[in-house]
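Report on one structure; see the data block that follows.
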Amino acid sequence: MKITLFMKVITLMLVVFQYFGLKAQVILDYNNVSATISSSGTFFNNFNAGLAGYEVPKGSGFTSIFGAQFVFGAKDVNDSIYITSGGYPNNPSDIFSGPISTAYADSAYINRWKDRVWKICKSDLDQFRLWWLCNNG
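Here the sequence shown is numbered in our numbering, starting from 4 and rising by one per residue.
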C-alpha cells in the first residue's frame with residue numbers, strides 16, 4: 004500500500020514538473036511545409052509529442068528533421084569568445100523570447116515576454132515598413 008501511494012506521488016510530481024517546464028511552440032504551415040518552432044530556440048522538434056516537427060509535404064506524416072538550433076558566436080572587445088544555442092524544456096538556455104533587454108530576470112519582463120512565439124508573414128513586415136517610413140523615416 005505504501006509503495007503504491009509513493010509511486011502515485013512520484014508520478015504526479017513528474018507530470019507537474021514536465022508541464023511547467025514546457026516552452027511555447029507554434030507550427031508554421033505555409034506552402035507545402037509544416038514546421039514546429041519553439042520559444043527556447045529549438046526548431047523542428049515537437050516537445051509535447053516527442054516527435055520530429057518538420058514535415059514535407061504537409062499532412063503526409065513524412066518528417067526529415069528531428070531538431071535543429073541556431074548557434075550564435077561572437078567576440079567582445081577583449082577577444083573573449085561567447086557562444087550560445089537554443090535549449091530543450093527543463094534545460095537552461097541563453098535564448099530568450101522578446102526584445103533585447105538588460106533585465107531578462109526582471110519579473111515585469113518575464114511576465115510580458117516569457118515563452119511566446121510570434122507568427123508573422125511577409126505582409127506584416129511590409130505593413131510595418133510602411134508605418135515606419137510614414138512615422139519615423
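All C-beta atoms in this analysis are idealised placements derived from N, C-alpha and C, irrespective of residue type, glycine included.
CA-to-CA distance, residue j to residue i, given in whole angstroms
i, j, result
"residue 134", "residue 77", "33 Å"
"residue 33", "residue 39", "12 Å"
"residue 132", "residue 123", "14 Å"
"residue 41", "residue 139", "32 Å"
"residue 136", "residue 128", "12 Å"
"residue 43", "residue 101", "11 Å"
"residue 61", "residue 121", "21 Å"
"residue 36", "residue 81", "43 Å"
"residue 63", "residue 74", "30 Å"
CB contact flag (residue i, residue j, <8 Å)
i, j, result
"residue 70", "residue 87", "no"
"residue 3", "residue 47", "What the structure shows of the chain is the stretch from 4 to 140, and residue 3 is not part of that stretch, so it cannot be assessed."
"residue 65", "residue 58", "yes"
From the options, residue whose alpha carbon lies closest to that of residue i
i, options, result
"residue 223", "109, 121, 83, 28", "This structure gives no information on residue 223, because the portion of the chain shown stretches from 4 to 140."
"residue 119", "98, 128, 75, 136", "98"
"residue 72", "79, 61, 56", "56"
I'd like the ranges of any alpha helix (DSSP H) spanning at least 4 consecutive residues and lying wholly in the stretch 41 to 121.
110 to 116
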